[in-house]
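Asks: Mind looking over this structure? Questions follow.
Protein chains: 2
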Amino acid sequence: MVLTDRVLMGPGPCNPYPEATAALGRPMLGHLDPEMIVVLDETCDRLRAVWQTANSLTLPVSGTGSAGMEAALVNTVGPGDVVVIGVNGLFGERMCDVARRCRAEVVRVEAPWGRALDPQALLDAHPAPKLIGLVHAETSTGVCNDVAAVAAGKGDALVLADCVTSLGGIPVDIDGWGVDVAYSGTQKCLGVAPGLAPFTMGPRAVERRIADPQSWYLDLGMIGDYTRGATRKYHHTAPVSMIFSLHAGLGAVLDEGLEGAWARHAECGAALQKGLQNMGLELWAEEGHRLPELTTVVVPDGVDDAMVRSGLLQRYGIEIGGGVGPWAGRIWRIGCMGHTARRRNVTLLLGALAELLGR
Amino acid sequence: MVLTDRVLMGPGPCNPYPEATAALGRPMLGHLDPEMIVVLDETCDRLRAVWQTANSLTLPVSGTGSAGMEAALVNTVGPGDVVVIGVNGLFGERMCDVARRCRAEVVRVEAPWGRALDPQALLDAHPAPKLIGLVHAETSTGVCNDVAAVAAGKGDALVLADCVTSLGGIPVDIDGWGVDVAYSGTQKCLGVAPGLAPFTMGPRAVERRIADPQSWYLDLGMIGDYTRGATRKYHHTAPVSMIFSLHAGLGAVLDEGLEGAWARHAECGAALQKGLQNMGLELWAEEGHRLPELTTVVVPDGVDDAMVRSGLLQRYGIEIGGGVGPWAGRIWRIGCMGHTARRRNVTLLLGALAELLGR
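Residue numbers (my numbering), protein chains in the order written: chain X, 380 to 738; chain C, 380 to 738.
This is the structure we're talking about:
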């Protein structure tokens, strides 16, 4: 069987760090093996470093980023709780849907897709919400929302930040900003295969935690009894190989240094965005709020979205993403995350696009 | 760094098939890549073969076995629904807990841990339950419950079977028995790393499915739109590497043939159980209901449970499991599953135990 090898420049997964891929093949250990507990503890410590937090309840949730979103909400909000959610893309919408299924009272604060949320509008939306939730890096639009400003003005509310496409790619400062709950995904700027959701919850949120959440699988009380403490209590069988891989991927990120990883993502994003504009293409996300790790660009008039994407895939083995929801067929989403965030990939993509578009 | 290599004879994970480990390192693909869709479709087809079902809604849930349990219950039962659950071990208890969090009315039918459930008692427990749930292979006790008998008498009820420790190790016949919903785990008799929950749901259950389940992540309506049909709709980013691995592990199982895999598990279990008895040890699970893939044995009087298990781990690199719940310290749980189910491992364990116990 011939295995296809892609350059993954869509909205995720990225190409994983070689260290992360190699670690998937580590010999299996039991989830309570003393050596596994060492790996797990180191993984949680590395997550604390990447999240910039001292939160004890910092761990990989055993599911993808959306499981992290659900873990965040089922453990913090219940029937009738008021939750303010910023919506300027697919993942803000998803947060509303998950909160609704927790039977929370959802107050939506919208901005058009492609534009940033107004932090003050989130803070003014309700006099006493239990939680204010927003997406830091909107994967559906390429927009960066100002989590720090919302956290700074949160008052008595908890702040929940979706950091799926931000963690490891742009600064995320959980303790410095005062974010109470956050989750991410492994397959974006952390450069690991999809499958786990890095997660952190601070003391204010732990204190107001739902004691008996509607999800057993995502009950952080019980999960925390496995990831912390002198006696590790079995909850569910940890996804051992994926934890090995996250451990190694975080090692690669921290060996480079957080600042180094952010700088690399920033440099690649800037080069990509400049190159696209030089080609006469129009960037879509609001200027001043553009993510370096995920660039959105308008499909030019007269160009067939699907034809270009399949040309990139078939002729060059490069994946980029299309638009979603109302923007399907109208924008492209070009990721440059994790191990993919290298100048050579930017150069390659710009060259391939120029050939395909005849520019 | 020196990587520790164990012989995994606990209650799971087992040692994965080499094919399954190798596939973890396949080059990453996007979750909507046409080649990924081929792998996903083949994986679902292979799952149908292993489950012995034609169910369209057959797929790997993106979480461990317990996520499969939760997916089964949140999609079939809601507030006030009557659910009869058989409880003769930890996983029956867990099923009650998950059903309670769905706000179902739970009717428990108990048997002592270590003994099998009475199928008739499950059928007689309530005149019109929506669902009858039971664990096929109780990982906490080594007991096999008679799923076929319960399914045969189910009447109008749905039958839910936990097949975490049975699928691939002993016969499971979803369509032949008339089981409506079932889930498993990858890390037991299927010989793959932990992280996915093979899942299947038949037409009777689909018809009575909860339209808007309390879990977004485990909403099978939306998940099914990604795993089936002409247009694949993004739900969450599939755990690509783990799906590669499951695809390969199922390939190994089907290349051997289901009957071959069952025979190998049966032969190893019989040899192990005979060897333990020859050593003067007492098997714990009820005779006639013993699983070949998971053997429970009484810790002999005067023998220190933890000392023997750590001796096996440290001197021989062999993991076996201790008892759980009320049986912690009183029994051992010895797994012989997936790739671990080889005569040489049985011989090794019996030899190591004989040396440690001085028998």
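Don't be surprised by glycine CBs; every beta carbon is placed ideally from N, CA and C.
Is the stretch 611-626 of chain X close to the stretch 690-703 of chain X, with three or more CB pairs under 8 Å?
Replies: No, the stretch 611-626 of chain X is not in contact with the stretch 690-703 of chain X.
Asks: When we look at the beta-carbon of Glu734 of chain C and count the other beta-carbons within 10 Å, is it buried (16 or more) or exposed?
Replies: By one-based count along the second sequence, residue 734 of chain C stands at place 355. It counts as exposed.
Asks: With three or more beta-carbon pairs closer than 8 Å as the criterion, would you say the stretch 695-713 of chain X touches the stretch 420-436 of chain C?
Replies: no
Asks: Work out the CA separation of Ile713 of chain C and Val560 of chain C for me, nearest whole Å.
Replies: Along the second sequence, one-based indexing puts residue 560 of chain C at 181. Along the second sequence, one-based indexing puts residue 713 of chain C at 334. Using only the alpha carbons, I get a separation of about 28 Å.
Asks: Can you tell which of C:Pro577, C:Ala500, C:Ala478 has the C-alpha that lies nearest to the C-alpha of Ala461 of chain C?
Replies: Within the second sequence, numbered from 1, the residue matching residue 461 of chain C stands at position 82. According to the sequence displayed, residue 461 of chain C carries Val and not Ala. Among C:Pro577, C:Ala500, C:Ala478, the Cα nearest to that of Val461 of chain C is on C:Ala478.
Asks: State the CB to CB distance for the pair Glu489 of chain C and Val466 of chain C, rounded to an integer number of angstroms; the pair is presumed to be in contact (CB under 8 Å).
Replies: Along the second sequence, one-based indexing puts residue 489 of chain C at 110. Along the second sequence, one-based indexing puts residue 466 of chain C at 87. About 5 Å; that satisfies the 8 Å criterion.
Asks: Helix, strand or coil: how does DSSP classify Arg479 of chain C here?
Replies: Start at 1 with the first residue of the second sequence, and residue 479 of chain C comes out as number 100. Reduced to three states, the DSSP call for Arg479 of chain C is helix.
Asks: For Ser445 of chain X, which of X:Gly471, X:Ile464, X:Glu421, X:Asp420 has the nearest alpha-carbon?
Replies: Taking the first residue of the first sequence as 1, we reach residue 445 of chain X at position 66. Checking every option, the nearest Cα to that of Ser445 of chain X belongs to X:Gly471.
Asks: Would you call Leu382 of chain X buried or exposed, if buried means 16 or more other Cβ atoms sit within 10 Å of its Cβ?
Replies: Against the first sequence, residue 382 of chain X aligns to sequence position 3. With fewer than 16 other Cβ atoms within 10 Å, it is exposed.
Asks: Any beta-carbon of chain C closer than 7 Å to the one on Gly667 of chain X?
Replies: Here residue 667 of chain X is taken as the residue at index 288 of the first sequence, counted from 1. Contacts with chain C at 7 Å (Cβ-Cβ) do not include Gly667 of chain X.
Asks: When the Cα atoms are used, what is the spatial distance from Met388 of chain C to Arg738 of chain C?
Replies: For the purposes of this step, residue 388 of chain C is taken as residue 9 along the second sequence, with counting starting at 1. For the purposes of this step, residue 738 of chain C is taken as residue 359 along the second sequence, with counting starting at 1. Their backbone Cα atoms lie some 20 Å apart in a straight line.
Asks: Is the beta carbon of Tyr562 of chain C closer than 7 Å to that of Ala576 of chain C?
Replies: As a working note, residue 576 of chain C is residue 197 in the second sequence. As a working note, residue 562 of chain C is residue 183 in the second sequence. Result yes, Cβ atoms of Ala576 of chain C and Tyr562 of chain C sit closer than 7 Å.
Asks: Let me know if Glu638 of chain X comes out buried or exposed under the rule of 16 or more other beta-carbons within 10 Å of its beta-carbon.
Replies: Position 259 of the first sequence, counted from the first residue, corresponds to residue 638 of chain X. With fewer than 16 other Cβ atoms within 10 Å, it is exposed.
Asks: Can you find a C-beta in chain X that's less than 7 Å from the C-beta of Arg688 of chain C?
Replies: Numbered from 1 along the second sequence, position 309 holds the residue referred to as residue 688 of chain C. No, Arg688 of chain C does not count as interfacial toward chain X.
Asks: Counting Cβ pairs closer than 8 Å, one from the stretch 528-541 of chain X and one from the stretch 403-417 of chain X, do we hit at least three?
Replies: no
Asks: Given that Ser441 of chain C touches chain X, what residues does it touch there, using C-beta distances under 8 Å?
Replies: Stepping through the second sequence from its first residue, residue 441 of chain C is reached at position 62. Residues of chain X passing the Cβ test: Gly442, Thr443, Ala446, Gly574.
Asks: Taking Gln593 of chain X as the query, report the chain C residues whose CB atoms sit under 7 Å from its CB, ordered along the chain.
Replies: Position 214 of the first sequence, counted from the start, is the residue given in the question as residue 593 of chain X. Within 7 Å Cβ-Cβ: Arg480, Gln593.
Asks: With DSSP as the reference, label Gly700 of chain X as helix, strand or coil.
Replies: One-based indexing of the first sequence puts residue 700 of chain X at position 321. For Gly700 of chain X, the three-state secondary structure derived from DSSP is strand.
Asks: May I ask whether a heavy atom of the ligand ADP can be found less than 6 Å away from the beta carbon of Arg494 of chain X?
Replies: Annotation note on the ligand ADP: not contained in the displayed structure, which lists no ligands.
Asks: On the three-pair Cβ rule with 8 Å, is the stretch 639-647 of chain X touching the stretch 496-516 of chain X?
Replies: no
Asks: Considering only DSSP beta bridges, list what Asp388 of chain C is partnered with.
Replies: Reading the second sequence from its first residue, position 9 is the one you call residue 388 of chain C. The sequence shown places Met at residue 388 of chain C, rather than the Asp named in the question. Partner(s): C:Ile699.
Asks: What are the start and end residues of the beta strand (DSSP E) that includes Arg487 of chain C?
Replies: Against the second sequence, residue 487 of chain C aligns to sequence position 108. Counting along the chain, the beta strand (DSSP E) containing Arg487 of chain C begins and ends at 484-489.
Asks: Output the boundary residues of the alpha helix (DSSP H) element that contains Val725 of chain X.
Replies: The sequence position of residue 725 of chain X within the first sequence is 346, counting from 1. Looking at the DSSP string, the run of the alpha helix (DSSP H) that includes Val725 of chain X is 722-736.
Asks: Please compile the residues from chain C whose C-beta is within a distance smaller than 9 Å of the C-beta of Gly404 of chain X.
Replies: Along the first sequence, read from residue 1 onward, the residue named residue 404 of chain X stands at position 25. Per Cβ cutoff of 9 Å: Thr400, Ala401, Leu403, Gly404.
Asks: Could you check the C-alpha separation between Lys612 of chain C and Asp503 of chain C for me, to the nearest Å?
Replies: As a first step, residue 612 of chain C is located in the second sequence; it is residue number 233 there, counting from the start. As a first step, residue 503 of chain C is located in the second sequence; it is residue number 124 there, counting from the start. Going by C-alpha positions, Lys612 of chain C is about 42 Å away from Asp503 of chain C.
Asks: Report yes if the C-beta distance between Thr443 of chain C and Ser441 of chain X is below 7 Å; otherwise report no.
Replies: Position 64 of the second sequence, counting from 1, holds the residue named residue 443 of chain C. Position 62 of the first sequence, counting from 1, holds the residue named residue 441 of chain X. In contact: Thr443 of chain C and Ser441 of chain X (Cβ atoms closer than 7 Å).
Asks: Could one say the Cβ of Gly603 of chain X lies closer than 7 Å to chain C's Cβ atoms, at least one of them?
Replies: Along the first sequence, one-based indexing puts residue 603 of chain X at 224. Chain C contact via Cβ: absent.
Asks: Please check if any C-beta of chain X sits within less than 7 Å of the C-beta of Asp384 of chain C.
Replies: For the purposes of this step, residue 384 of chain C is identified with residue 5 of the second sequence, where counting begins at 1. It does: the Cβ of Asp384 of chain C has a partner Cβ on chain X nearer than 7 Å.
Asks: Give the single residue among X:Leu411, X:Asp476, X:Pro397 whose Cα lies nearest to the Cα of Asn609 of chain X.
Replies: Taking the first sequence and counting its residues from 1, one reaches residue 609 of chain X at position 230. Here the sequence assigns Ala to residue 609 of chain X, which means Asn is not the residue at that position. Closest by alpha carbon: X:Leu411.
Asks: Using a 10 Å radius around the Cβ and a threshold of 16 neighbouring Cβ atoms, would you call Met686 of chain C buried or exposed?
Replies: As a working mapping, residue 686 of chain C is identified with position 307 in the second sequence. Burial call: exposed.
Asks: Looking at chain X, which residues of the stretch 654-678 of chain C have a Cβ within less than 7 Å of any of its Cβ atoms?
Replies: Cβ contacts with chain X come from no residue of the stretch 654-678 of chain C.
Asks: Are the C-beta of Asp634 of chain C and some C-beta of chain X separated by less than 7 Å?
Replies: The count along the second sequence starts at 1 and reaches residue 634 of chain C at position 255. No, its Cβ sits nowhere closer than 7 Å to a Cβ of chain X.
Asks: In chain X, which residues lie with their C-beta within 7 Å of the C-beta of Tyr596 of chain C?
Replies: As a working note, residue 596 of chain C is residue 217 in the second sequence. Result: Gly442, Ser445, Ala446, Glu449.
Asks: Can you confirm whether Gly389 of chain X, when its beta carbon is compared against all beta carbons of chain C, has any partner nearer than 7 Å?
Replies: Here residue 389 of chain X corresponds to residue number 10 of the first sequence, with the count starting at 1. Chain C, which has a Cβ nearer than 7 Å to the Cβ of Gly389 of chain X, makes this yes.
Asks: At 3 residues or longer, and completely inside the stretch 407-462 of chain X: list those beta strand (DSSP E) runs for me, N to C.
Replies: Listed in chain order, the complete beta strand (DSSP E) runs (minimum 3 residues) inside the stretch 407-462 of chain X are 436-440.
Asks: At 4 residues or longer, and completely inside the stretch 574-606 of chain C: list those alpha helix (DSSP H) runs for me, N to C.
Replies: 582-586, 599-606
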